[in-house]
Amino acid sequence: MYWVAAKRCWPSTSRWGPNAQFAFPASGGTGAIWKRLASRLRGDVRTGQAVLRIDEAAKTLLTSDGSILSYGSLVATGALDQLVAMTAGAPAHVRQAATALKHTTVAMVGLGYKSPTTDRRSWLYFPGREAPFYRATNFSRYAPANVPRSDPSRYSAWMTETSLPAGTLLDEAALVEECDTALRRCGLVPDGAQRVSGHLELIPYAYPVPTTGRDTALARIQPWLESHEIYSRGRFGTWRYEIGNMDHAVTMGQDIARRLVHGTAERIYTVPRPAAAREAVHGR
Ligand SMILES: Cc1cc2nc3c(=O)[nH]c(=O)nc-3n(C[C@H](O)[C@H](O)[C@H](O)COP(=O)(O)OP(=O)(O)OC[C@H]3O[C@@H](n4cnc5c(N)ncnc54)[C@H](O)[C@@H]3O)c2cc1C
C-alpha cells in the first residue's frame with residue numbers, strides 16, 4: 000500500500016474527516032484492492048454472468064448464459080430498482096415504490112499529461128461554474144504507478160467527475176476537451192503541458208439521491224425482499240448515499256454474511272423507516 004496524506008497539504012487538520020489519511024494500492028489503482036480480496040475467495044465464483052431474473056418463490060435465478068441456479072439466501076449488490084424489476088413475484092406496491100428511487104449518472108474523464116504534477120493536494124471539489132466537473136483527483140499523487148512506469152517523475156494523471164441527470168445525452172469528445180481546459184484554467188495542470196491521453200467512462204448508476212420519498216420507498220421494498228430471503232446491500236443495494244462509500248459496502252458485506260451464518264446483528268444497515276414512522280416514535 001502507498002500512503003497519501005491529504006492533510007499534509009492543509010494547515011488546519013483537526014477538522015478533517017476520517018479520510019484525511021488513507022491507504023491506496025502501490026500499483027493497480029483502486030481495483031487492485033478488490034482483485035486481491037477476490038483472489039482469496041475459494042469455491043464457485045462466477046463473473047461476467049449477469050442475473051436476469053429471480054424467482055423468489057422457487058428460490059432460483061436465471062443468468063445471462065441461460066443457467067438456472069438455486070439459492071438458500073440471496074445477497075444482491077446491484078441497483079435496488081433493477082433487483083425489484085427482475086424479481087418475478089414483486090407485488091405492484093413494491094414495483095411502484097422502486098420507481099421513486101432516483102440516481103445520477105457520472106461521466107468520469109481521465110487525462111494524462113507529459114508533465115509532473117505541480118499540485119500537492121489529493122482531490123478538490125468545484126461547487127461553482129468554474130469547471131464542468133464537481134471533483135478532480137490528482138491520481139499521480141496517489142501512487143507513482145498511476146502514470147507510466149518508464150518515468151513517473153515526468154507524467155501526471157487527473158481524474159475528473161461530471162454529474163449528469165440519468166439519461167442525459169452527452170457529447171463525450173467535447174467533455175474531454177472541456178475538462179482539460181478547466182484543469183489548465185484552474186491552475187492544476189501547468190500551461191503548455193502536453194496531453195498524452197484522455198478517455199471517458201460513463202457510470203450510469205453513480206450516486207443514489209436521498210430524496211424526501213426515498214425512505215418511504217425503501218420501507219416498502221426491503222422488508223418484502225427480506226421476507227423472501229433476498230438481502231439487498233451495498234451502495235445501490237441500500238440506495239443510501241449516507242452509507243455509500245467503499246468501506247461501508249465492505250462492512251455491509253461482512254455483516255450480512257455473519258448475520259446469515261451466525262445470526263449476529265448488522266452494524267451499519269438498518270431497516271429503513273419512513274419519515275412519518277420516525278416522527279411517531281420521536282413525538283415530533
Ligand atoms: C464517481 C464515483 C466516485 C467514487 N469515489 C469513491 C471514493 O473516493 N471513496 C469511496 O470509498 N467510495 C467511492 N465511491 C463509491 C464506491 O464506488 C462504492 O462505495 C462501491 O463501489 C460500492 O460497492 P458495492 O459493492 O455496493 O457496489 P458496486 O461496486 O457497484 O458493485 C455492484 C456489483 O454488482 C454487479 N451487478 C449489478 N447487477 C448485477 C446483475 N444483475 N447480475 C450480476 N451482477 C450484477 C455489478 O456488476 C457490480 O460488480 C465512488 C463512486 C462513484 C460513482
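For the sequence shown, position 218 matches number 217 in numbering that gives the first Met the number 0, and the numbering has no gaps at all. Note that the Cβ used here is the ideal one computed from N, Cα and C, for glycine as well.
Residue range of the unbroken beta strand (DSSP E) whose run includes residue i
| i | result |
| --- | --- |
| Ser69 | Ile67 to Ser69 |
| Thr103 | Lys101 to Lys113 |
| Phe125 | Unbroken run through Phe125: none, as it is neither H nor E. |
| Phe21 | Gln20 to Phe23 |
| Gly236 | That residue, Gly236, is in no beta strand (DSSP E); its alpha helix (DSSP H) goes Arg234 to Thr237. |
Alpha-carbon spacing of residue i relative to residue j, whole angstroms
| i | j | result |
| --- | --- | --- |
| Glu133 | Ser69 | Note that residue 133 corresponds to Tyr in the displayed sequence, not to Glu. Spanning the two alpha carbons is a distance of roughly 43 Å. |
| Ala4 | Gly243 | Here the model assigns Ala4 a pLDDT of 37, short of 50, so the residue's position is not dependable and the matter cannot be decided. |
| Asp54 | Pro24 | 40 Å |
| Thr98 | Arg219 | 12 Å |
| His198 | Ser226 | 44 Å |
| Ala173 | Ser231 | 37 Å |
| Ser149 | Ser155 | 13 Å |
| Phe125 | Asp43 | 44 Å |
| Arg87 | His102 | In the sequence on display, residue 87 carries Ala and not Arg. Each residue's alpha carbon lies about 23 Å from the other. |
| Leu61 | Leu224 | 17 Å |
| Trp238 | Glu160 | 20 Å |
| His92 | Ala135 | 41 Å |
| Asp190 | Ala106 | 25 Å |
| Trp48 | Ile67 | Reading off the sequence shown, one finds Gln at residue 48, where the question assumed Trp. Their Cα atoms are separated by approximately 11 Å. |
| Met0 | Ser38 | Low confidence applies to Met0: its pLDDT is 40, below 50, so where it sits in the model is not reliable, and the reading given next is rough at best. Whole-angstrom Cα-Cα distance: 17 Å. |
| Val74 | Leu187 | 42 Å |
| Met158 | Ala56 | 45 Å |
Segment limits, alpha helix (DSSP H) that includes residue i
| i | result |
| --- | --- |
| Gly30 | Gly30 to Ser38 |
| Gly252 | Met245 to His261 |
| Gln48 | Looking at the DSSP string, Gln48 is not in any alpha helix (DSSP H), and its letter there is neither H nor E. |
| Ala91 | Ala91 to Ala97 |
9 Å Cβ cutoff, residue i in contact with chain C
| i | result |
| --- | --- |
| Trp15 | Considering every chain present, this structure includes no chain C. It has just one protein chain. |
Residues that residue i bridges to, as DSSP identifies them
| i | result |
| --- | --- |
| Phe138 | For Phe138, which the question treats as bridged, DSSP gives no partner whatsoever. |
| Leu224 | Answer is none; Leu224 lacks a bridge partner. |
| Thr59 | Asp54 and Ser69 |
### 3-residue-minimum beta strand (DSSP E) runs that sit fully inside the segment 152 to 233, ordered along the chain
155 to 164, 193 to 208 and 229 to 231
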